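Chemist: Residue numbers for the sequence shown follow full-length UniProt numbering, so the first one is 1 and each next one is one higher.
Mind having a look at this structure? Questions to follow.
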Amino acid sequence: MDGMNAKKTVFVIDATNRPDIIDPALLRPGRLDQLTYIPLPDEDSRHQIFKACLRKSPVSKDVGLEALAKFTQGFSGADITEICQLTPLQDDAEEEVAEIKAAHFEESMKFARRSVSNADIPKYEAFAQTLHQSRGFGSEFRFSDAAGATAADPFASSAGGADDDEVYN
């Protein structure tokens with residue numbers, strides 16, 4: 001970011017659920033130089049998130065993480081983490097449970113909530129499209145030859161620099 005002097009390389013990673021209200025000053029070159037839209041996880045990604053959240057928990061063989069991943073279309077990683085935390089072993093349950101069973105997930109799913117609504121998804125995708133379209137205005141730029149400027153170069157002088165004296169006098 002402009003104005004930050006450091007002896008070491010610093011990476012700043014920001015995240016927002018409201019990209020539409022980011023101050024335009026932050027979007028100028030030299031500020032947040034790279035903007036990336038990360039969509040909600042697909043089914044395979046949700047399955048991997050469930051596995052990661054439960055990797056240290058004893059999960060019964062009757063729990064189908066694939067079925068949970070399929071059912072949680074539209075859920076974010078944080079939403080899935082919350083579902084896992086609502087199970088008895090993750091939460092302070094009244095009675096200790098040897099393993100998390102399908103019934104525990106069925107109960108957790110009663111309290112599951114999505115943090116991103118169906119109405120919000122098109123807004124995020126439109127913002128991502130705007131980001132994509134705003135990049136690459138110079139993508140058609142090409143030097144005409146390896147030697148540099150040619151007659152097509154608007155900065156090249158047709159008189160070979162003869163009229164430069166008039167400009168600087």
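Every residue gets a Cβ at the ideal spot worked out from N, C-alpha and C, and that includes glycine.
All figures in this text were calculated on a predicted structure; none of them were measured in a lab.
Taking only beta-carbon positions, decide if leucine 27 is within less than 9 Å of chain D.
Modeler: Of the protein chains in this structure there is only one, and it is not chain D.
Chemist: Distance check for aspartate 20 and glutamine 133, CA to CA, integer angstroms please.
Modeler: Distance between the alpha carbons of glutamine 133 and aspartate 20: 16 Å.
Chemist: Considering just the uninterrupted stretch of the alpha helix (DSSP H) at arginine 46, what are its terminal residues?
Modeler: Taken as a continuous stretch (DSSP letters only), the alpha helix (DSSP H) holding arginine 46 covers 43–53.
Chemist: Closest to proline 58 by CA distance: which of Cys84, Glu125 and Asp145 is it?
Modeler: Looking at the Cα atoms, Cys84 is the closest of the given residues.
Chemist: Assuming contact is defined by CB atoms lying nearer than 9 Å, are leucine 75 and arginine 114 in contact in what I supplied?
Modeler: Going by the sequence as given, residue 75 is phenylalanine instead of leucine. In this structure, arginine 114 lies closer than 9 Å to phenylalanine 75 by Cβ.
Chemist: Please state whether DSSP places aspartate 120 in a helix, a strand or coil.
Modeler: If DSSP states are grouped into helix, strand and coil, aspartate 120 belongs with the helices.
Chemist: Counting only the same chain and skipping the five closest in sequence on each side, list residues whose C-beta sits under 6 Å from that of lysine 8.
Modeler: None.
Chemist: Please report the straight-line C-alpha distance between arginine 31 and glycine 64, rounded to a whole angstrom.
Modeler: The straight-line gap from Cα to Cα measures roughly 45 Å.
Chemist: I'd like the span of the alpha helix (DSSP H) that includes threonine 81, first residue to last.
Modeler: 77–85 is the span of the alpha helix (DSSP H), which, as asked, contains threonine 81.
Chemist: From what residue to what residue does the alpha helix (DSSP H) around lysine 70 run?
Modeler: Segment 65–71, the alpha helix (DSSP H) holding lysine 70.
Chemist: What number of angstroms, rounded off, separates the C-alpha of residue 170 from the C-alpha of aspartate 145?
Modeler: Outside the shown range of the chain, which is 1 to 169, sits residue 170, and nothing can be said about it.
Chemist: Return the CA-CA distance between histidine 104 and lysine 110, expressed in angstroms with no decimal places.
Modeler: The straight-line gap from Cα to Cα measures roughly 10 Å.
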